[in-house]
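All residue numbers for the sequence shown refer to this note's numbering, where the first residue is 511 and numbers rise by one.
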Amino acid sequence: MADDLAARVEANQQKLRAELKSHYDFIICGSGSSGSVVARRLAENADVSVLLLEAGGSDDVPDIMSASRWPALRRGEHDWSFNAMPNPRLNDRAIPMSMGKVLGGGSSINVMVWSRGHKADWDGFAAEAGDDGWNYQSVLQIYRRIEDWHGAPDAARRGSGGMVFVQPAPDPHPLAAAMIEAFATVGVRTFDDQNGVMMEGHGGAALTNLCVRDGRRQSIFRSYVSPIMDRSNLTVLTGALVTRLTLAGKRVTGVEVAYEGKMRRIGAGEVVLSLGAIHTPKLLMQSGIGDEAELKRFGIPLVQHLPGVGQNFQDHFMAPCVWESCGPIERRNNLTEATALWRSDSALEVPDLQTLIVEAPYASPQAAKDPLPPDSWSLTNAVLRTASRAASD
Ligand SMILES: Cc1cc2nc3c(=O)[nH]c(=O)nc-3n(C[C@H](O)[C@H](O)[C@H](O)COP(=O)(O)OP(=O)(O)OC[C@H]3O[C@@H](n4cnc5c(N)ncnc54)[C@H](O)[C@@H]3O)c2cc1C
C-alpha cells in the first residue's frame, strides 16, 4: 500500500513538474511546519491549484528519517546554519542558529518533542490580541483535533485520529527516568504526560511526547503533505528558492523563484509566506516591504514603509551541560526522552525554565572548544520567557 502511494506520488509529481503552470490559485513559500499544514488544508479542496515551493531538497535521508540520528543534521546540508552577530555580552561569541532547509523545514531536523504551549502562554496571547480564539480552551480543541495520541487516555486534553502521531517515549533509556527522579527529589511534581494537566500549572517533570513512530521521524511534512502528493492539484517543487514577491502597485501578484538554473515568475491568486522567522521578513524586505532607510541601503525600491519588518527577533536560548559516561550509552528513540518545566523563583506562577535530557554529547563548538567524549550525556536548559530582542545591527 505504502509502495503504491509512493509510486503514484512519484509519477504525479514528475508530470506536474514537467507541466509547470504560469499561474496557481495559491503559492505556498516554504514547506516547513506551518507551510505544510497550510498547503494540505488548501489542497484538500480539489477545485483549487496549489504550488508548494521549497528551497531545500528531499527529506528521504537516513539522518532525517531515523529518529536517533538528529545530532548529525546540525550544521549539515539540510540546515541553513545561521550565525548570530558576535555578541559583546557573550564574550563576542557568534551563537549558531539552526533552521531546516529541506522538505518539512524545522520539523525535519528538529528533536521531535511534541511540546504544547503552557496554558498561561495561550491565555497571554489571547489577552494581548483581545481575541479569545487564542486562549487555552480554544487552542486545546485544536490540539485535540490534530493529534493522534497514543498514550494514557485523557479525553479532556488529548485527541485521537488526527494527523499528528504522538506518543510518550516508549521504552526510554534509564537516564530519562533518572532525570525525572532527580527533579522529584528537589520538589518538582512528576506527571505521566508532558502535555496534559502539567501544562496548566506550576510545571513538572515527565517523559517527553514524541512525533516518532517505530523509530522514524514523523515530520509535519510527512504527516500532512506526503499522503496527498498524488493529487493533481498539488505541485511540490524542491530546490526552488523564492527571491521576491511580484507586485502590481501594492497588490501581490505572484513570486519570482530560482528553479532549475532559471529565474521564473509564477502568478498566484494568493501567496502565503511560511519561510520561517528569518527568511519571511527577509523576503518581504527583498520585495520592498520594510524599513525605508534599511531598504535604501541595499538599493531596494520601496513598496511599503513597515519599520517592524526584520526587527524584534526573539528566541529561547539553551545552555547545555555535558557529563562523560563511564560506558557506552544505548541510542533510544530521539535521545531526548524526559523534560522538566520549572520556576527559577517559587514566587512565579508559571514555569520560566525547561530542562531536557539529551542522551548524547550536546553543545555547540563555540561552547565546547575541545571535542566532547562520544560517550556523554547532557542536560540542556532553555530560558522560556526571554525579554531581550536581537539588536538591529
Ligand atoms: C535543531 C532544532 C530543534 C528543534 N526541536 C524542536 C522540538 O523538539 N520540538 C518542537 O516543537 N520544536 C522544535 N524546534 C522548532 C520547530 O522545528 C520550529 O519552530 C518550526 O519548524 C518552525 O516552523 P516554520 O514553519 O515557522 O519554519 P520552518 O519549519 O523553518 O520552515 C521554513 C521553510 O521555508 C524554507 N525556505 C526558507 N527560505 C526560503 C526561500 N527563500 N524559498 C523557498 N523556501 C524557503 C526553509 O527551507 C524551510 O523548509 C526545533 C528547531 C530546530 C532548528
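We put the CB at the ideal spot given by N, CA and C, even for glycine.
Can you tell me whether Gly800 is buried or exposed, with buried defined as 16 or more other CB within 10 angstroms of its CB? Buried: at least 16 other Cβ atoms inside 10 Å.
Which class does Arg899 belong to by DSSP, given the choice of helix, strand or coil? It is coil, neither helix nor strand.
Please confirm whether Arg699 and Ala715 have their CB atoms less than 9 Å apart. Judged by their CB atoms, Arg699 and Ala715 are nearer to each other than the 9 Å cut-off.
Please classify Leu600: is it buried, with 16 or more other beta-carbons within 10 angstroms of its beta-carbon, or exposed? With fewer than 16 other CB atoms across the displayed protein chains lying within 10 angstroms of its CB, Leu600 is exposed.
Verify whether the separation of the beta carbon atoms of Val813 and Lys760 is less than 9 Å. A contact, by the Cβ cut-off of 9 Å.
Of the residues Pro838, Val558 and Val623, which one's Cα is nearest the Cα of Asp885? Nearest option by C-alpha distance: Pro838.
To the nearest angstrom, how far is the alpha carbon of Val762 from that of Met795? Cα to Cα, Val762 sits roughly 14 Å from Met795.
Would you give the residue range spanned by the beta strand (DSSP E) that Arg774 belongs to? For Arg774, the uninterrupted beta strand (DSSP E) run begins and ends at Lys772 to Leu783, by DSSP.
Enumerate, from N- to C-terminal direction, the unbroken beta strand (DSSP E) stretches of 3 or more residues contained entirely within the stretch 800-869. DSSP runs (the beta strand (DSSP E)) wholly in the stretch 800-869: 828-834, 848-852 and 863-868.
Three or more C-beta pairs closer than 8 Å, one from the stretch 802-809 and one from the stretch 552-566: is that the case here? No, the stretch 802-809 is not in contact with the stretch 552-566.
Sorry if obvious, but does the Cβ on Trp644 come closer than 8 Å to a heavy atom of ligand 1? When distances are taken from the beta-carbon of Trp644 to the heavy atoms of ligand 1, even the shortest one reaches 8 Å or more.
Rounding to the nearest angstrom, what Cα-Cα distance links Met622 and Asp557 in this structure? Here the alpha carbon of Met622 sits roughly 34 Å from the alpha carbon of Asp557.
For ligand 1, is there any heavy atom lying closer than 8 Å to the beta carbon of Glu564? Yes, Cβ of Glu564 sits closer than 8 Å to a heavy atom of ligand 1.
Cut-off 7 Å between Cβ atoms - residues of its own chain near Ala553, not counting five sequence neighbours on either side: The beta carbon of Ala553 is closer than 7 Å to those of Val560, Ile738, Arg741, Asn743 and Leu744 in its chain, skipping five residues each way along the sequence.
Compute the beta-carbon to beta-carbon distance between Asn822 and Arg899, rounded to the nearest angstrom, for a pair I have assumed lies under 8 Å. The pair is a contact, with the Cβ atoms about 5 Å apart (cut-off 8 Å).
To which residues of the same chain is Asp535 closer than 6 Å at the C-beta, ignoring the five residues directly before and after it? Hits under 6 Å: Val558, Ser559 and Gly779.
Among the candidates Gly711, His533, Arg853 and Val782, whose CA atom is the shortest distance from the CA of Val547? Looking only at Gly711, His533, Arg853 and Val782, the smallest Cα-Cα distance to Val547 is reached by Val782.
Quick check: is any heavy atom of ligand 1 less than 8 Å from the C-beta of Thr846? Because some heavy atom of ligand 1 lies under 8 Å away, the Cβ of Thr846 counts as near it: yes.
For a minimum of 3 consecutive residues, which ranges assigned as the beta strand (DSSP E) are wholly contained in the stretch 549-631? Within the stretch 549-631, the complete beta strand (DSSP E) runs of at least 3 residues are 560-563.
Please name the residue or residues paired with Asn719 in a DSSP beta bridge. Answer is Pro678, bridged to Asn719.
Residues in the same chain with beta-carbon distance under 6 Å from Leu751, minus the five sequence neighbours each way, listed in chain order, please. Within the same chain, Leu751 has close Cβ partners Ala565 and Ala768.
Check whether the Cβ of Thr753 lies closer than 8 Å to any heavy atom of ligand 1, and answer yes or no. Yes, since a heavy atom of ligand 1 falls inside the 8 Å radius drawn around the Cβ of Thr753.
Look at the alpha carbon of Asp513 and the alpha carbon of Ser736, and state the distance between them as a whole number of angstroms. Using only the alpha carbons, I get a separation of about 13 Å.
Give every residue of the same chain whose Cβ lies closer than 7 Å to the Cβ of Trp940, excluding the five residues on either side of it in the sequence, and list them in chain order. No answer is possible for residue 940: the residues shown for the chain start at 511 and end at 903.
If you run the structure through DSSP and keep just helix, strand and coil, what is Leu794? Residue state, collapsed to three classes: helix.
Looking at the unbroken alpha helix (DSSP H) that takes in Phe693, where does it start and where does it end? Phe693 -> alpha helix (DSSP H) spans Pro684 to Thr695.
Going by DSSP, what residue range makes up the beta strand (DSSP E) through Glu657? Start and end: Glu657 to Trp659.
What are the boundary residues of the beta strand (DSSP E) that Ala892 is part of? Note, Ala892: beta strand (DSSP E), Ser886 to Val893.
For the beta strand (DSSP E) that Asp535 lies in, which residues bound it at each end? Per DSSP, Asp535 is one residue of the beta strand (DSSP E) stretching across His533 to Cys539.
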